[in-house]
Amino acid sequence: MGRGRQEPRPPRTDATGDATAGTAAGDAVAEKAAAEAVETALHAVLGAAEQDLEDAVDSAASPLAAAGDRWPHVSRAVLARAEQLVDGCWRRGWQPADLVRVVRRELQPAHVRLAVDLVAAQHRRQPLPGPGPRWTAQLDELEAAVGWGDDAEFLDAAGRRESTGRFGTAGCVLRVLRLLARLPAIPPVDAPAAPGPSAPASGPSAGTASGTASGGGRIPARIRALLAKAEATEYGEEAEALTAKAQELMSRYSISEALLAAGGSGPQEVPASVRIGVDAPYEAAKASLLDAVAAANRCRTVWSPEFGFSTVVGFGTDLEAVELLHTSLLLQATTAMTRAVAGRESARRGGGRARTKDYRQSFLISYAGRIRQRLSDAAGHAVRDAAAGAAGAADGMEGGGPGASLPAERLLPVLAAREEAVEDAADRMFPSTTSHSLKGRDAEGWSDGAAAADRAELRRPRRPSGPAHPRPGAPG
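Going by our numbering, 351 is the number at position 326 of the sequence shown; the sequence numbering is gapless.
Here you go:
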C-alpha cells in the first residue's frame, strides 16, 4: 500500500525570541521618546521668565503626566537627566549640602526631598573618586539613599511619598531640574587634608554647621566634649565656663600646631577652605558672627547670601575651630535672644517691640559685634601667652612641650606668614569682593545683644579668689 508524498514542513521559528527582541526594540523606542519628552519639558521651563514660570511648569508637566503606560520610561528618563545635571553641579564647584541648601531656600520641602533623591541617584551611578570624609558626611547627614527599587518606579515612589498624582510629581521634578540646571559655577572648596601622625584624629564632632563636618578631625576630643556639654547644659554659668575653657584650649592648640609646622616637626600645610551654611532668618547677622569667629582664628570668610553659605579660608586646625566655636556661639546667641524676647514679652504682657524683626536683628548684630571684639582680645592674649612660654603642647595642652613657646620675635612672623597665606588664598578664590556694614534699628535689641555677648565668657575661668565677672579682655 503506497503513501502519498508529504508536504514539506515550514521552518520553525522561536516565538519567544522574536517577542523578546520586539519588546526590547519597543522599549528602546519608548525610552528615546521619553528622553525627548523630558528634554522638551525642561527646555520649556528653562526658557520661562519667573513671572510666567507657574504656567510654563503646568504646560510642560501635562504631556509627561499623560504618558500613560510609558510613565515608567519617563521615570527612567527623568533620573538619567537629573544625574547629568547633578554631576554638572559637582563639576561647577557645588557639594551635596550646598545643593540641597539652595533648593531649600528657593523651593518647598517636597522639592528638597526630591533633590536629596537625585543626589543619591547620581552618587549611586557615578560616585566621585575619593570624595573624602566631608563629602561622605554630607551625604550621611542628608540621608541620601536610593529607596525606590527600579528606576522605572522612581516617580511613582515620589508621588506616594508626597501624596501627589502624576501631574503634580512631574511639575515638582521640573522645578528641581530647572534650578539645578541654572546654578552657576562657584569657586570649589579644598577641604583640609586628613590629619597626619603628628595630629591624630579625634572623636566625632560635637556640632557641625549645615552638614560641613569633616571626618575624624584634628581638634582634640576634649575640646569637642567641652562644647557638647556647654550646649547641653541648662545652666548659663556652667555653659560659659565650659565654652571659655574650650576657646582657651583651641587657641593654644592652634598656636602650638603653627609652631610645630614652622619648626619642621609638624605637618606642612597650605590654606584650605570649607563652606558653612548661613540660614534664614537674620542671615546678615549670622554671617557677621561667623566672620567674627573666623577672624579671631586667623581665617577669612566670604558670604554668598544668594546661596545661603559663607566660604571660610584658613589652615585645617583653624577651620575646624571656627566650625566648632561658631556652632556653639550661634546656639548660645539664639538661646539668649529667645530668653530675652520671652522676658520682655512677659514684662509687657504679650506686647511690645520685642516681638518685632528689628529687635531680633539688632540683638544678633550687636551680639556678633561684641563677640568680635572679645574674640580679638582673647586671640591677642593667647599669642602673648605663647610668646611668654605659657602655651601648652599640642598633645596635653596643660604645660610646656615641643613647640609650646617661641620668643615673640620668632612667633609673630610665623603667625603673620600664615595670615598672609590665608589672605592670598582667599583673594585667588574671590578676586572681587565687597564689604558691608550692619546697623541695628532697635535700641533695646542692640543693648540686650551686647549684654548677652558679655555673658558669653570666652576666656579661661577665673580662680576662685578672683572676681566673679571680670571685665572683657582683662588679663587672665
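C-beta: ideal position from N, C-alpha, C; glycine also.
Based on the DSSP output, what are the partners of isoleucine 301 in its beta bridges? Ser335
Please report how far the alpha carbon of threonine 161 lies from the alpha carbon of valine 198, in whole angstroms. 25 Å
Inter-residue spacing [alpha-carbon to alpha-carbon] between alanine 310 and arginine 207: 28 Å
Helix or strand or just coil, what does DSSP make of valine 327? strand
Let me know the secondary structure DSSP gives tyrosine 260 once reduced to three states. Coil at tyrosine 260, not helix or strand.
How should glutamine 151 be labelled, buried or exposed, when 16 other C-beta atoms within 10 angstroms of its C-beta is the threshold for buried? Exposed is the call here.
Which term fits alanine 257, buried or exposed, when burial requires 16 or more other beta carbons within 10 angstroms of its beta carbon? exposed
DSSP three-state call for serine 279: helix, strand or coil? Helix.
Between Cys324, Ala74, Leu78 and Leu164, which lies nearest to serine 401 when the distance is taken from Cα to Cα? Cys324
Local Cβ density within 10 Å of aspartate 410, reported as buried at 16 or more and exposed below that: buried
Taking the alpha helix (DSSP H) that leucine 180 belongs to, which residues open and close that run? 179-187
Counting only beta-carbon atoms, is glycine 405 nearer than 7 Å to chain C? The structure shown contains no chain C; it holds only a single protein chain.
Would you mind stating whether alanine 514 and phenylalanine 192 have Cβ atoms separated by less than 7 Å? Residue 514 falls outside the range modelled here, since the chain spans only 26 to 501, and no answer is possible.
Threshold first: 4 residues or longer. Then list the alpha helix (DSSP H) segments lying entirely within the stretch 98-153, N to C. 121-131 and 134-150
With a cut-off of 8 Å on the beta carbons, I'd call isoleucine 396 and leucine 355 a contact; round off their distance for me. No, isoleucine 396 and leucine 355 are not in contact; Cβ-Cβ is about 10 Å, not under 8 Å.
Where alanine 418 sits in the DSSP three-state scheme: Its pLDDT being 41, under 50, alanine 418 is placed unreliably in this model, and the coordinates cannot settle the point.
Cβ atoms of valine 171 and proline 296: under 7 Å apart, would you say? no
Three-state secondary structure (DSSP) at serine 353? Secondary structure of serine 353 (DSSP, three-state): helix.
Report the residue from Pro306, Val214 and Tyr392 whose alpha carbon sits nearest the alpha carbon of glycine 118. Val214
In the DSSP assignment, the alpha helix (DSSP H) including proline 245 goes from what residue to what residue? It is not in any alpha helix (DSSP H) - proline 245 carries neither H nor E in the DSSP assignment.
Under a three-way DSSP split, which group does aspartate 83 fall into? helix
Decide if arginine 185 is buried, meaning its Cβ has at least 16 other Cβ atoms within 10 Å, or exposed. exposed
Minimum C-alpha distance to leucine 124 - residue among Pro134, Ala140 and Ser100: Ala140
Between threonine 342 and glutamate 282, how many whole angstroms is the CB-CB distance? I'm expecting something under 8 Å. That belief holds up - the Cβ atoms of threonine 342 and glutamate 282 are roughly 5 Å apart, short of 8 Å.
Alpha helix (DSSP H) segment containing aspartate 176, residue limits: It is not in any alpha helix (DSSP H) - aspartate 176 carries neither H nor E in the DSSP assignment.
With the cut-off set at 7 Å, would you say alanine 73 and histidine 98 are in Cβ contact? no
Starting from valine 201, trace the alpha helix (DSSP H) both ways and give me its first and last residue. 191-207
Let's see if you can read the secondary structure: which residues bound the alpha helix (DSSP H) around valine 408? 382-412
If I follow the unbroken alpha helix (DSSP H) through arginine 95, where does it start and stop? Unbroken run through arginine 95: none, as it is neither H nor E.
Starting from the C-beta of valine 201, find all residues in its chain whose C-beta is less than 6 Å away, skip the five residues before and the five after it, and write them out in chain order. His136, Leu139 and Ala140
Environment of arginine 435 [buried if 16+ CB atoms lie within 10 Å]: exposed
Buried/exposed call for tryptophan 115, threshold 16 Cβ in 10 Å: buried
Find the nearest neighbour of glutamate 178 within the set Val103, Leu204, Ile244 and Arg249, judged by alpha-carbon distance. Per the Cα distances, Val103.
For valine 214, does the three-state DSSP call read helix, strand or coil? coil
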